[in-house]
Structures are given as structure tokens and as C-alpha cells.
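Asker: Here's a structure for you.
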Amino acid sequence: MVLDCQEKRLGRREVAPAAQWAGSGLDRVRHQALQNRRREGARFGNENGDGYENGNGSGRSGSGSAAGWVRARHLRSSRDTAILSTMGESSAANQPCELCHGTGWMLVSEDGVEMVRRCACAERERRQRLLARAGIPPRYQHCTLEGFRLWHPPDADVDPSLRHAQRAVQKFVDLYPENPKQGLLLMGPVGTGKTHLAVAALQALALDKGVSGRFADFTALVLEIQMTFGSPGPRQEQILEPLVKADLLVLDELGAGKASPWVMDLLYYLVNTRYLERRATIFTTNFTDPTDSSPATFEPLADRVSRRIRSRLFEMCHKIELRGGDFRKFQFSHPQYEKNA
Ligand SMILES: [Zn+2]
Numbered sequence: 175m176v177l178d179c180q181e182k183r184l185g186r187r188e189v190a191p192a193a194q195w196a197g198s199g200l201d202r203v204r205h206q207a208l209q210n211r212r213r214e215g216a217r218f219g220n221e222n223g224d225g226y227e228n229g230n231g232s233g234r235s236g237s238g239s240a241a242g243w244v245r246a247r248h249l250r251s252s253r254d255t256a257i258l259s260t261m262g263e264s265s266a267a268n269q270p271c272e273l274c275h276g277t278g279w280m281l282v283s284e285d286g287v288e289m290v291r292r293c294a295c296a297e298r299e300r301r302q303r304l305l306a307r308a309g310i311p312p313r314y315q316h317c318t319l320e321g322f323r324l325w326h327p328p329d330a331d332v333d334p335s336l337r338h339a340q341r342a343v344q345k346f347v348d349l350y351p352e353n354p355k356q357g358l359l360l361m362g363p364v365g366t367g368k369t370h371l372a373v374a375a376l377q378a379l380a381l382d383k384g385v386s387g388r389f390a391d392f393t394a395l396v397l398e399i400q401m402t403f404g405s406p407g408p409r410q411e412q413i414l415e416p417l418v419k420a421d422l423l424v425l426d427e428l429g430a431g432k433a434s435p436w437v438m439d440l441l442y443y444l445v446n447t448r449y450l451e452r453r454a455t456i457f458t459t460n461f462t463d464p465t466d467s468s469p470a471t472f473e474p475l476a477d478r479v480s481r482r483i484r485s486r487l488f489e490m491c492h493k494i495e496l497r498g499g500d501f502r503k504f505q506f507s508h509p510q511y512e513k514n515a
């Protein structure tokens with residue numbers, strides 16, 4: 175399991191003797207749990223609060239009863255869990271993790287020393303939150319590498335470029351962050367599955383490697399930036415900075431919107447900063463390049479995004495060409511087929 179490996183990698187940083195937590199939130203939690211035990215023990219006639227009425231766990235004498243003892247244990251358990259839940263990342267709201275009871279931390283004992291350790295469920299939930307913040311449109315949220323369909327039109331075989339593209343994207347995910355080039359440029363006609371593969375990589379990296387990613391549609395981004403011109407609302411930095419800083423950016427449909435020269439300057443800033451800081455970017459585009467083996471059915475990419483952005487793209491990205499029929503067009507007349515975005 176990738177997650178298990180990650181746990182081991184994080185192990186040294188996230189495991190510490192419980193004594194080192196004096197004054198920390200966890201220490202307060204343990205103190206409060208002890209106080210609760212004492213209160214509940216007092217309520218049921220036991221100062222030690224250990225659930226037993228005579229303090230040594232062996233008797234049933236005193237003012238309490240067997241039913242009271244059972245109730246004390248139940249209260250102690252549920253209340254401690256509730257307090258602990260305020261400290262960490264609770265797992266599914268109605269089904270707390272059995273290992274940490276929804277706190278995100280486990281108390282373990284190693285060589286007689288009490289330690290605290292981050293529970294695997296906390297990391298899993300952190301990654302799910304990363305993914306939720308990535309801004310993937312609902313239309314593409316189902317996209318996974320395993321779910322990429324090697325579709326072909328009824329009158330033709332599967333184009334080998336699709337299988338190659340799927341493998342190349344999987345390799346990019348597997349090698350991350352040690353990729354020879356820090357980006358991918360997925361080029362090809364509409365409906366061949368470029369966005370599907372780009373989103374699949376984003377999802378896999380967020381869930382398997384804890385990578386913070388962002389999805390941005392090029393046309394929407396251009397419009398958003400243009401709307402900042404001379405009007406109140408989000409400023410250019412507010413729009414661009416999350417995209418500049420994300421570990422992984424998917425910029426979809428590059429060149430689809432025609433940007434004015436000053437917007438193009440800002441887009442160059444975005445692309446170039448990510449290039450200089452070696453952050454991974456996956457671009458998809460329907461536009462072709464004069465060097466492509468496929469016929470130039472559209473305006474060349476350089477004409478859509480400027481020569482200097484095009485030049486950066488090829489420096490920072492491994493180019494992947496997809497060919498084949500338009501799956502979305504086919505799907506329109508065959509709605510029983512699942513989506514390949
Ligand atoms: Zn847990």
C-alpha cells in the first residue's frame with residue numbers, strides 16, 4: 175500500500191514519546207480525560223475513577239452497583255472519545271476509526287515508552303481534503319487512470335497513441351516528484367481523453383502521494399483575469415497565487431480562450447514561475463504544433479498562447495499526442511457508454 179509506505183516515511187517525524195507532549199494539545203486531552211475519570215469515579219463512589227468501586231478493581235462494595243460500574247465505564251469511554259475527537263481529524267462523522275476513535279492520534283507503547291503516533295486515517299482524510307480543494311469540476315470527478323477507456327470508433331481499431339498516453343501518465347504519477355521533466359503536455363483532437371488523463375493524474379497524486387493539486391480551465395482563467403481589469407473584486411494575485419503555488423497544476427484546454435496581450439503576460443508569469451520553481455504542470459490542448467506528426471487542423475498552439483509560452487511548455491513538459499475518434503461525439507449517440515472526458 176502506498177499509504178503504508180507514506181506512513182513509514184512520516185513515521186520518525188510523527189512519532190514521539192508521549193512525555194514530549196507536555197503542555198501540548200494532546201497532553202491537555204490526556205489530563206482532561208483523567209479528570210473525567212475521577213469525576214465519573216466519584217459519581218459512582220470511586221475516587222480513582224478507574225471504573226471500579228473500591229479502587230482496586232476487585233470488589234463491588236460501597237455505594238455503587240454493578241449496573242453503575244458498567245455505566246461508568248461506558249460514560250468514560252464515550253466522553254474521552256468525544257474530547258479526543260476535538261483534537262484531531264475525525265474520520266467519517268458517524269463511524270470513527272477503530273484504531274484512534276476519530277482523534278487522528280494513537281497512543282502506543284514501544285519498549286515500555288508511551289508514544290503518540292499519527293493514525294493512517296488522518297493522513298487519508300488529509301489527502302481527501304486536498305483533493306476536494308483541487309477544484310475538479312463535477313463532470314470530471316469520476317476520472318481515474320484505471321477508468322480510462324481505450325475507445326475506438328466502430329469502424330477502426332484502438333489508436334495505439336491512447337494506450338501510450340495512458341502508460342505515460344501512469345509513469346508520470348509513479349515517478350513523481352522525480353520526473354525527468356516536471357510536466358506533461360497532452361495534445362490531440364477533442365474527445366480523445368486528454369482531460370480525463372490529466373484529472374486522473376491529479377487524483378492519483380493527491381490520494382497516493384499527498385500532492386496538493388489545482389485544476390484550472392484556461393478559458394475561465396482568462397475571463398477571470400480579464401474581469402479584474404478596472405473593476406472591484408478578486409485581484410490578479412488572488413487568482414494566480416493558488417495556481418502558482420500548487421504542487422501540481424492541471425491547466426485544461428490551453429489556448430481555447432483568446433487572451434489579450436496583458437493577460438498573456440500574466441499567463442506567462444504563471445507558467446514561467448512554475449517552470450523556474452520546478453512545480454509540476456499538466457497542460458491539455460486541442461491545438462497542434464508545427465512539429466506534430468498529426469495534421470494541423472487548428473491554429474498552431476504558438477499563435478494561441480504566444481511563442482514564449484509555447485517555448486516554455488516544450489522545455490518543461492513531456493509531450494504526449496493522442497489520436498483517435500471523438501469519444502464524446504460518439505457517446506452522444508450511444509449514451510450507454512461511460513464517459514471518457
Ligand atoms: Zn484512525
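In our numbering, the protein residues as written are 175 to 515.
The C-beta atom is built at its ideal place from N, Cα and C for all residues, glycine as well.
Only a predicted model underlies this, so the values are computations on that prediction, with no experimental measurement involved.
So, at 7 Å on beta carbons, what are the nonlocal neighbours of S386 in its own chain, with the 5 sequence-adjacent residues on each side left out?
Answerer: Mapped onto the sequence shown, residue 386 falls at position 212. Excluding residues within five positions, the ones whose Cβ falls inside 7 Å are L304, A420, D421.
Asker: Considering just the uninterrupted stretch of the alpha helix (DSSP H) at F403, what are its terminal residues?
Answerer: For the purposes of this step, residue 403 is identified with residue 229 of the sequence shown, where counting begins at 1. Taken as a continuous stretch (DSSP letters only), F403 belongs to no alpha helix (DSSP H), as it is neither H nor E.
Asker: Return helix, strand or coil for W279, following the three-state DSSP convention.
Answerer: Mapped onto the sequence shown, residue 279 falls at position 105. The answer is strand: DSSP assigns W279 an E or B state.
Asker: Where DSSP assigns a beta bridge to E288, which residues make up the other side?
Answerer: Counted from its first residue, the sequence shown places residue 288 at position 114. Partner(s): S283.
Asker: Hey, quick one: how far does the alpha helix (DSSP H) through C274 stretch, first residue to last?
Answerer: Taking the sequence shown and counting its residues from 1, one reaches residue 274 at position 100. Premise fails: C274 is in no alpha helix (DSSP H) and is neither H nor E.
Asker: Skipping 5 residues on each side, what residues in its chain have a beta carbon closer than 6 Å to that of S480?
Answerer: Counting from one through the sequence shown, the residue named residue 480 turns up at place 306. So the list reads M438, once near-sequence residues are dropped.
Asker: How do the region 360-371 and the region 317-328 stand: do at least 3 beta-carbon pairs fall below 8 Å, yes or no?
Answerer: Taking 8 Å as the limit for Cβ pairs, the verdict is that the region 317-328 does touch the region 360-371.
Asker: Run the CB neighbour count on G429, radius 10 Å, all protein chains shown included, and call it buried at 16 or more, exposed below.
Answerer: Here residue 429 corresponds to residue number 255 of the sequence shown, with the count starting at 1. So G429 ends up on the buried side.
Asker: V424 and L444 - do their beta-carbons sit closer together than 8 Å?
Answerer: What you label residue 444 is simply residue 270 of the sequence shown in a count that begins at 1. What you label residue 424 is simply residue 250 of the sequence shown in a count that begins at 1. Cβ distance not < 8 Å, so L444 and V424 don't count as in contact.
Asker: Does the structure place the region 278-292 close enough to the region 336-346 that three or more beta carbon pairs sit under 8 Å?
Answerer: Judged by Cβ distances under 8 Å, the region 336-346 makes no contact with the region 278-292, as fewer than three pairs qualify.
Asker: First and last residue of the beta strand (DSSP E) that includes T458?
Answerer: Numbered from its first residue, the sequence shown carries residue 458 at position 284. Looking at the DSSP string, the run of the beta strand (DSSP E) that includes T458 is 454-459.
Asker: In chain order, what residues of the same chain lie with their CB nearer than 7 Å to the CB of R307, ignoring the 5 residues before and after it?
Answerer: As a working note, residue 307 is residue 133 in the sequence shown. Nothing meets the Cβ criterion.
Asker: With distance defined between alpha-carbon atoms, name the residue in E473, P408, P464 nearest to G431.
Answerer: Counting from 1 along the sequence shown, the entry for residue 431 is found at position 257. With distances taken between Cα atoms, G431 lies closest to E473.
Asker: Using a threshold of 7 Å, is the CB atom of L281 nearer than that to any non-hydrogen atom of ligand 1?
Answerer: Your numbering for residue 281 matches position 107 in the sequence shown. L281 Cβ: outside cutoff for every heavy atom of ligand 1.
Asker: Could you tell me the alpha carbon to alpha carbon distance between R373 and F389, rounded to whole angstroms?
Answerer: For the purposes of this step, residue 373 is identified with residue 199 of the sequence shown, where counting begins at 1. For the purposes of this step, residue 389 is identified with residue 215 of the sequence shown, where counting begins at 1. Rather than Arg, the amino acid found at residue 373 in this sequence is Val. Going from the Cα of V373 to the Cα of F389 covers about 8 Å.
Asker: Which one of G384, H275, P363, I399 has the shortest CA to CA distance from E415?
Answerer: Mapped onto the sequence shown, residue 415 falls at position 241. Of the listed residues, the one whose Cα sits closest to E415 is I399.
Asker: Could you tell me which residues DSSP puts in a beta bridge with K493?
Answerer: One-based indexing of the sequence shown puts residue 493 at position 319. Bridge partners of K493: L359.
Asker: Using 7 Å as the cut-off, classify the Cβ of C317 as near or not near the heavy atoms of ligand 1, replying yes or no.
Answerer: Working through the sequence shown from its first residue, we reach residue 317 at position 143. No.
Asker: Taking 8 Å as the threshold (C-beta atoms), are C491 and G362 in contact?
Answerer: Stepping through the sequence shown from its first residue, residue 362 is reached at position 188. Stepping through the sequence shown from its first residue, residue 491 is reached at position 317. Cβ distance not < 8 Å, so G362 and C491 don't count as in contact.
Asker: When you get a sec, list the residues whose CB is within less than 5 Å of any heavy atom of ligand 1, chain order please.
Answerer: Working through the chain, the matches are C271, L273, C274, C293, C295.
Asker: So the candidates are N446, N460, R482; which of them puts its Cα closest to the Cα of H365?
Answerer: Residue 365 sits at position 191 when you count from the first residue of the sequence shown. Note on identity: in this sequence residue 365 is Gly, with His being the wrong assignment. Closest by alpha carbon: N460.
Asker: Less than 8 Å separating the beta-carbons of F392 and E352?
Answerer: Along the sequence shown, read from residue 1 onward, the residue named residue 392 stands at position 218. Along the sequence shown, read from residue 1 onward, the residue named residue 352 stands at position 178. Cβ atoms of F392 and E352: not closer than 8 Å.
Asker: Do R300 and G384 have their beta-carbon atoms positioned less than 8 Å apart in this structure?
Answerer: For this step, residue 384 is matched to residue 210 along the sequence shown. For this step, residue 300 is matched to residue 126 along the sequence shown. Going by C-beta atoms, G384 is nearer than 8 Å to R300.
Asker: Have a look at R497 and L397 and give me their C-alpha separation to the nearest angstrom.
Answerer: Working through the sequence shown from its first residue, we reach residue 497 at position 323. Working through the sequence shown from its first residue, we reach residue 397 at position 223. Taking the straight line from one Cα to the other gives about 29 Å.
Asker: Taking DSSP's pairing of strands, which residues face D391 in a bridge?
Answerer: What you label residue 391 is simply residue 217 of the sequence shown in a count that begins at 1. DSSP output for D391 lists D426 as bridge partner(s).
Asker: At which residues does the alpha helix (DSSP H) containing N446 begin and terminate?
Answerer: Counting from one through the sequence shown, the residue named residue 446 turns up at place 272. That run of the alpha helix (DSSP H) goes 435-450.
Asker: Considering Cα atoms alone, identify which of R478, W279, Q302, S485 is closest to P435.
Answerer: Position 261 of the sequence shown holds residue 435. Out of R478, W279, Q302, S485, R478 has the C-alpha closest to the C-alpha of P435.
Asker: I'd like to check one pair, F457 with L381: are the Cβ atoms closer than 8 Å?
Answerer: Within the sequence shown, residue 381 is the residue found at index 207, counting from 1. Within the sequence shown, residue 457 is the residue found at index 283, counting from 1. Their beta carbons are not under 8 Å apart, which means L381 does not touch F457 by this criterion.
Asker: Determine the DSSP secondary structure at P328, reduced to helix, strand or coil.
Answerer: Reading the sequence shown from its first residue, position 154 is the one you call residue 328. Reduced to three states, the DSSP call for P328 is coil.
Asker: Can you tell me whether F403 is buried or exposed, with buried defined as 16 or more other CB within 10 angstroms of its CB?
Answerer: Within the sequence shown, the letter at position 229 stands for residue 403. Classification for F403: exposed.
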